[in-house]
Every structure is written in structure tokens, then in C-alpha cells.
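**Student:**
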Amino acid sequence: MLQYPQIDPIAIAIGPLQIHWYGLMYLTGFLGFLLLGRHQIKHKLWFSWTEAMLDDALFYGAMGVILGGRLGYVVFYQASHFIHNPLEILAVWQGGMSFHGGFLGVLVAMFLFNKKYPQPWLKTMDFVAPLVPIGLGAGRMGNFINGELWGKPTDSVFGMLVPDLGELPRHPSQLYEAASEGVLLFLILWFYSSKPKATMAVSGLFLIGYGVFRFSVEFVRLPDAHLGYLAFGWLTMGQVLTVPMLLLGVFLMFKAKQIGKKA
-1 MLQYPQIDPI AIAIGPLQIH WYGLMYLTGF LGFLLLGRHQ IKHKLWFSWT EAMLDDALFY
59 GAMGVILGGR LGYVVFYQAS HFIHNPLEIL AVWQGGMSFH GGFLGVLVAM FLFNKKYPQP
119 WLKTMDFVAP LVPIGLGAGR MGNFINGELW GKPTDSVFGM LVPDLGELPR HPSQLYEAAS
179 EGVLLFLILW FYSSKPKATM AVSGLFLIGY GVFRFSVEFV RLPDAHLGYL AFGWLTMGQV
239 LTVPMLLLGV FLMFKAKQIG KKA
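Mapping of the sequence shown onto our numbering: residues -1 to 261, in sequence order.
This is how it looks when you write it as C-alpha cells:
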């Protein structure tokens, strides 16, 4: 059995100034986006990107992640609470970001990005997709440090004792997601995109990979207390929001295969 280290969510405090680990995890994701993106520009020449495009994509994408992620959490998970406490919408350092909202935000952001750099939108998403998982993994580490999104009680060797949650060890579901949606998904996409692929293929694989990992981990992750299970005694909001991603990913892979046959 493992022991939760109870890390202080505040990484640095200088007088009234506080820098939270959760925010630093987002910065880690953005930095990873830049570094990996520059590697792609140099080694994946078929995308025809420049560093100026990458810098702008980061700006647009960061706005999409932050605004979409927060608004997605408000709409999908805590609408009634924030209606009565609207100022708390701004308190992003307390956690409460929705991947699915951030995902929609990035889709819109990249659409706006393509207004400045005209090219097929899905080709843009193919370039961006392998750069995203590092940020997802870092975000899940932020959840772990914040002590949120714990899994169900378990007698597994991976069970972690969390003093604030009683005497039963729990699945560290944040770490499962950091490993799967972050590290493993990154490796899959990075190597898959190392050679030219038909447009939509990389985006489709991202949607399928994320969907499978997220849907699976939800079985051991506790649902939000105020929502509970939506149906069947196991279906969570995270799974409901993930199903359309899976279906879209399968569709994009199918279309990409058709394009590949015609090429």
C-alpha cells in the first residue's frame, strides 16, 4: 500500500504572491508544446510549419484550453454552483478544469488560427495532436498534487492511503491518467506521426487513444459527488462526454484510410 505524500498545492509563496503547482503544470504543458513543436518543424517537413506559426498556435491554443476548460467544467459539472457563485469561475488555481471543454476550446482556437494561416483545419489538428498529451499528463499530475479526482477504494498493490478520505486505500486514478493519456498516448502519436500520414489519421488516432484511456480509467475513478453515476450504476459524465470523441475518431480514421487508398 502506498501513502499519499500530501504535497502543498502552493509551490512558491512570496508574501501575498502564491504560485500553485496546478498552474505550473499548465506551463509545463505549454513549454512541452513549444519544444516538441519545434522538433516537428525540423523533422516532419511535410507539415510545412514555421516557428512563427507554432508560437501563434500556442497562444491560440492556450486561450482555448484555459477558457474552454474552465467553461466546460462550469457547464458540464458544476453549473448550479457557479450560477450562485459566479466569481469562483475565475479561481482556476483551485482546480476544476474540464478536458472536454478544453478540447472544444482548442478546436475553436485552431479554427481561428487558420484564419491567419490558411490551411486545412484537420491538417492543423494533425500537427497539434502529438503535442497535446504531455500537457494532459502534466494536468493530471496537478490533480494529484491538489488531492482531487481520486479513484475507488481498492486492495490493489497500487492502492494509496489518503488520510483525508478515511482508512481505505484508493486507486490513484490521476496517476493512471497521467501515465495513459499523457505518456502512453504521447508515445503512440509521436511514433505514428513520424512518417507522413493521410490527413485526419493522426487526429483520429488521438481521439481514439484518449477516448479508450479515459473511458477505461473512469471505471476505477469516483464520479463527481454531486453528479454520481448517470446510469447503470457505473456510467459517468466523463464517459458520456468521451463517447462522441471515440466515434469521431473512428470516423476520421476511416476517412483517412479512404484518402490513403486514393493517393
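Don't be surprised by glycine CBs; every beta carbon is placed ideally from N, CA and C.
CB Pro128 to CB Ser191, shorter than 7 Å?
**Tutor:** As a position in the sequence shown, residue 128 is number 130, starting the count at 1. As a position in the sequence shown, residue 191 is number 193, starting the count at 1. In contact: Pro128 and Ser191 (Cβ atoms closer than 7 Å).
**Student:** With three or more C-beta pairs closer than 8 Å as the rule, is the segment 5 to 16 touching the segment 163 to 175?
**Tutor:** The segment 163 to 175 is not in contact with the segment 5 to 16.
**Student:** Are the Cβ atoms of Val63 and Gly30 separated by less than 7 Å?
**Tutor:** Residue mapping note: residue 63 aligns to position 65 of the sequence shown, counting from 1. Residue mapping note: residue 30 aligns to position 32 of the sequence shown, counting from 1. Their beta carbons are not under 7 Å apart, which means Val63 does not touch Gly30 by this criterion.
**Student:** Using 8 Å as the threshold, is the segment 236 to 247 in touch with the segment 200 to 218, meaning 3 or more CB pairs across them?
**Tutor:** Yes, since at least three Cβ pairs between the segment 236 to 247 and the segment 200 to 218 fall closer than 8 Å, the two stretches touch.
**Student:** CB Gly35 to CB Leu22, shorter than 7 Å?
**Tutor:** For this step, residue 35 is matched to residue 37 along the sequence shown. For this step, residue 22 is matched to residue 24 along the sequence shown. Going by C-beta atoms, Gly35 is not nearer than 7 Å to Leu22.
**Student:** Can you have a look at His98 and say buried or exposed, based on whether 16 or more other CB atoms are within 10 angstroms of its CB?
**Tutor:** On the sequence shown, residue 98 is found 100 positions in, with the first residue counted as 1. Counting Cβ neighbours within 10 Å, His98 comes out buried, since at least 16 surround it.
**Student:** Who are the Cβ neighbours of Leu225 in its own chain at under 6 Å, not counting the five residues just before and after it?
**Tutor:** Taking the sequence shown and counting its residues from 1, the one referred to as residue 225 is at position 227. Closer than 6 Å at Cβ, skipping near neighbours: Met235.
**Student:** Are the Cβ atoms of Gly59 and Ala136 separated by less than 7 Å?
**Tutor:** The count along the sequence shown starts at 1 and reaches residue 59 at position 61. The count along the sequence shown starts at 1 and reaches residue 136 at position 138. Not a contact, by the Cβ cut-off of 7 Å.
**Student:** Look at the Cβ atom of Gly100, then the Cβ atom of Ala196, and state whether they are nearer than 7 Å.
**Tutor:** Numbered from 1 along the sequence shown, position 102 holds the residue referred to as residue 100. Numbered from 1 along the sequence shown, position 198 holds the residue referred to as residue 196. Not in contact: Gly100 and Ala196 (Cβ atoms no closer than 7 Å).
**Student:** Tell me which same chain residues have a C-beta within less than 6 Å of the C-beta of Gly133, skipping the five on either side of it?
**Tutor:** In the sequence shown, the residue the question calls residue 133 occupies position 135. Excluding positions up to five away in sequence, the list reads Gly27.
**Student:** Can you give the Cα-Cα distance for Phe109 and Leu159, rounded to whole angstroms?
**Tutor:** For the purposes of this step, residue 109 is identified with residue 111 of the sequence shown, where counting begins at 1. For the purposes of this step, residue 159 is identified with residue 161 of the sequence shown, where counting begins at 1. Each residue's alpha carbon lies about 44 Å from the other.
**Student:** What are the boundary residues of the alpha helix (DSSP H) that includes Ile206?
**Tutor:** Residue numbering aside, residue 206 sits at position 208 when the sequence shown is read from its first letter. It spans 199 to 215 - the alpha helix (DSSP H) in which Ile206 sits, taken as one unbroken run.
**Student:** Is it buried or exposed, Val73, if we count other Cβ atoms within 10 angstroms and call 16 or more buried?
**Tutor:** Here the question's residue 73 lines up with position 75 in the sequence shown. With fewer than 16 other Cβ atoms within 10 Å, it is exposed.
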